[in-house]
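Right, one structure below, let's go through it.
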Amino acid sequence: MNRIVFTRFTLRTAIACAALGLGACAVTPEALTPEQQLAEAQRDRSAMFDSQEPVTRAIGLDEAMARAVKYNLQQRLGLMQRALEDHSLGVANLSLLPQLAASAGWKGRDNVAGSSSESVNSGQQSLEPSTSSDRSSRDASLRLSWNVLDFGVSYFSAKAQANKVLAAEEARRKVVADIVQQVREAYWQAASAERLQPELQRALSDARGALEQARQTERQRLVAPLESLRYQKSLLEMIRQLEVVEGELAVSKARLASLMNLPPATAFSLVLPNESSYAQPPLAYNLADLEVTSMTQRPEIRSESYQARNAVLETRAAMLKLLPGANLFVGANYDSNSYLVNDNWADAGLQVSWNLFNVLAYPAIRKTGDARLQVAELRRQAMRMAVLTQVNVAWREYERSSQVFARSNELQQVQRGILRQSESAFSSQAQSRLERVRTATETVLATRTRDRAFAELQVAHGAVYQAAGLDPLPERIAGSSVAELTQAIAGNSMRLNQGQGQVPAGIAAARQLGLDASATQASAAPPGLALAAQTAPSQAAQKTLRLDMWESLGSLRGAELVPVEQVNGR
């Protein structure tokens, strides 16, 4: 009777537990409430802008780069990804250790664990029911085991994770270089805009005043209607052009603030360039040096090299799994069963297992590994070609930007002279107000064109270094404050402009990579003298030059170059 009651109680308990378990599995989606979204936005905003050093003075280019490197969210994301890969490497290293498993438990039952036996021949019971275990007992064990096959696979996985750490660092380098390049462009746009703002406002005020005066003249019918309308149209065209420039200037500073991760509507000023600052930045490296440097310094190429390493490691791990697995173990055990003669003991053993069908997978794994390695190598070679193209394009863009800036600077100086003459003529009443407004507008536009050309030149100058893999930050920095980062960036920029960067020797390194001496010497000419050096008639120009793929990207390989005079003579 008691057994029947106990059975019913156990059945009801099991049904209740099953119902609770099924109810727990019924999960309904819960959308974020407005309060939760607002709280999350406040936390994110606090994390985005807190702990930043305040802006206490005018920001120069080096400080703008330092603030972007320190506070830009993309840079911080790169650092976190690098830290994540570091932690993953630590986890992978721990997987190389043997397994040390400790276990303890208790078990009991409501009756005696008894048993009997019967004779095989007669089928009759040969022993009376007996037991060899207590109704409740405790046990514990401590076992050290090591699987040789798992150790080998974990070793290759740890090596691959180490390569991922290095690849994450290269990705962070690329993010820093991209951010610095964007800051360089935004800074010169914003600084020139802030410098041009007073002159722009004077020109706008003068043009709007002239327009209002023209409208009053039209209402008073002091001049012919057609002449008045044409006069107003000219003024409106000038005002429209000035307002377009005003809108462009307003956006540039907001973009720079975003790159420095300053909160919106933060008031800050910039170190304004003077007229002497508008000069061509120096470039102390020739094209051959930059090409050679890019082959070893660009983060994309290094990342592809690490991926090629991992392709080999992945194949080795797959091949290792084909081998037999050996498991070694040693342990200590305890059991409170009173029927045992020895309630504690130590044991050790070796177990070997091998799936014989793994042998059939060897050819496929080998072919897959070879194909994976070939793909990785081809990707690296394609990346080298792309990097080499970027270096040459950046070099040509720097040459073009230098010429555009030189011409824009000359035009701006000429326009300044015209403005001075126009103001003198207007003061002596020898020129109309419309001509004065027109000259002021053209001066603002010429200055804006010169400033934009200078910003493009600065961007092209930085793009040459970025294409070559020359980092804006030194390898070691004394501290992490904005002032220390600013000093480090300024010092590194000065070293690069003086040709003291980590660049291999031009001709010697070029020969190691297949560059001939003539191509190296030809590319060593400064951008401003490159055209003159190529077109100057000489005996050397009469010879046939063979351009190497590393300089010309293969587009003119084996082409014959003849002097311009011979071409014109034909």
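Counting with mature numbering (1 follows the signal peptide of the UniProt record, and there is no 0), you get residues -26 to -1, 1 to 544 for the letters of the sequence shown. Beta carbons: idealized from backbone N, C-alpha and C, even for Gly. Quantities reported herein were computed from a predicted structural model and do not represent experimental measurements.
1. Rank S128, A13, G34 by C-alpha distance to the C-alpha of V65 and give the top, closest one.
2. What are the complete alpha helix (DSSP H) segments, minimum 4 residues, inside the segment 350 to 390?
3. Is the number of C-beta pairs between the segment 445 to 458 and the segment 391 to 399 that are closer than 8 Å three or more?
4. Would you call the segment 343 to 362 and the segment 295 to 312 touching, i.e. three or more CB-CB distances under 8 Å?
5. Just reading off the alpha helix (DSSP H) that A224 is part of, what are its end residues?
6. Given that a residue counts as buried once 16 or more other Cβ atoms are within 10 Å of its Cβ, and exposed if not, what is E14?
7. Can you find at least 3 beta carbon pairs, one from the segment 133 to 146 and one from the segment 415 to 423, that sit closer than 8 Å?
8. Check the DSSP bridge columns for F130 and list the partner residues they point to.
9. Who are the near neighbours of S62 in its chain, counting only those whose CB is closer than 7 Å to its CB and skipping five residues on each side?
10. Is Q156 near the ligand MG, in the sense that its beta carbon is under 6 Å from a heavy atom of that ligand?
11. Pick helix, strand or coil for E423, following the three-state DSSP scheme.
12. Compare the C-beta of L352 with all C-beta atoms of chain D and state if any pair is closer than 7 Å.
13. Roughly how many angstroms lie between the CA atoms of W80 and D113, to the nearest whole one?
14. Per DSSP, what kind of secondary structure is F242 in: helix, strand or coil?
15. Rounded to whole angstroms, what is the Cα-Cα separation between V315 and A291?
16. At the level of alpha carbons, what is the spacing between R31 and T289?
17. Within the segment 257 to 326, note down every full beta strand (DSSP E) run reaching 3 residues or more, in order along the chain.
18. How many angstroms separate the CA atom of V83 from the CA atom of R109?
19. Spatial neighbours of V29 within its chain, please: C-beta separation below 8 Å, excluding the five flanking residues on both sides.
20. As a quick exercise: from L287, V326, M269, pick the residue whose alpha carbon is nearest that of G443.
21. Out of P446, G299, A350, E449, which has the shortest C-alpha to C-alpha gap to S119?
22. Could you spell out the range, first to last residue, of the alpha helix (DSSP H) harbouring N471?
23. Tell me whether P446 is buried or exposed, calling it buried when 16 or more other Cβ atoms sit within 10 Å of its Cβ.
24. Is it a yes or a no for the segment 31 to 49 touching the segment 219 to 236, going by three-plus beta-carbon pairs under 8 Å?
25. Take R158 and list the residues in its own chain whose beta-carbon comes closer than 8 Å to its own, dropping the five residues that flank it on each side.
26. Check each candidate in I451, S312, F379 and name the one with the smallest Cα separation from S106.
27. Applying the 10 Å Cβ sphere with the 16-neighbour rule, what's the burial state of D425?
28. A13 lies in the beta strand (DSSP E); which residues open and close that run?
29. Could you tell me the alpha carbon to alpha carbon distance between K227 and Q163, rounded to whole angstroms?
30. Mind the definition here: the segment 143 to 155 touches the segment 42 to 57 only if three or more C-beta pairs lie below 8 Å; say whether that holds.
Here's the rundown:
1. Considering only alpha carbons, the answer is S128.
2. None, since the segment 350 to 390 contains no complete alpha helix (DSSP H) of that length.
3. Counting C-beta pairs with one atom in each stretch, the segment 445 to 458 and the segment 391 to 399 have fewer than three that are closer than 8 Å, which means they do not touch.
4. No contact exists between the segment 343 to 362 and the segment 295 to 312.
5. Note, A224: alpha helix (DSSP H), 199 to 233.
6. Only exposed fits E14, as fewer than 16 other CB atoms lie within 10 angstroms of its CB.
7. With the cut-off at 8 Å, the segment 133 to 146 and the segment 415 to 423 do not touch.
8. Per DSSP, F130 has no beta-bridge partner at all.
9. The beta carbon of S62 sits closer than 7 Å to those of Q135, all from its chain and outside the five residues before and after it, given in chain order.
10. Only the bare structure without any ligand can be found here, which leaves the ligand MG out of the picture.
11. The sequence shown places Thr at residue 423, rather than the Glu named in the question. Correct three-state label for T423: helix.
12. No chain D appears in the structure shown, which is made up of a single protein chain.
13. If you take the alpha carbons of W80 and D113, they lie about 6 Å apart.
14. Under the three-state reduction of DSSP output, F242 falls in the coil class, being neither helix nor strand.
15. For V315 and A291, the distance between alpha carbons rounds to 47 Å.
16. R31 and T289: Cα-Cα distance of roughly 57 Å.
17. Counting only runs of 3 or more, we get 299 to 309.
18. Note on residue identity: the sequence assigns Arg, not Val, to residue 83. Going by the C-alpha atoms only, they are around 6 Å apart.
19. Here the set comprises L236, T240, F242.
20. Closest option to G443, Cα to Cα, is M269.
21. Ranking the options by Cα distance to S119, first place goes to G299.
22. Here the alpha helix (DSSP H) through N471 covers 456 to 471.
23. So P446 ends up on the buried side.
24. These segments touch.
25. Excluding the 5 residues flanking it on each side, R158 has same chain C-beta neighbours closer than 8 Å at L35, M39, Q432, V433, G436, in chain order.
26. Of the listed residues, the one whose Cα sits closest to S106 is S312.
27. Label assigned to D425: buried.
28. Following the DSSP letters along the chain, one finds A13 in no beta strand (DSSP E) but inside the alpha helix (DSSP H) bounded by residues 8 to 23.
29. Between K227 and Q163, the C-alpha separation is close to 8 Å.
30. Using a Cβ-Cβ distance cut-off of 8 Å, the segment 143 to 155 and the segment 42 to 57 are in contact, since at least three pairs of beta carbons, one from each stretch, lie closer than that value.
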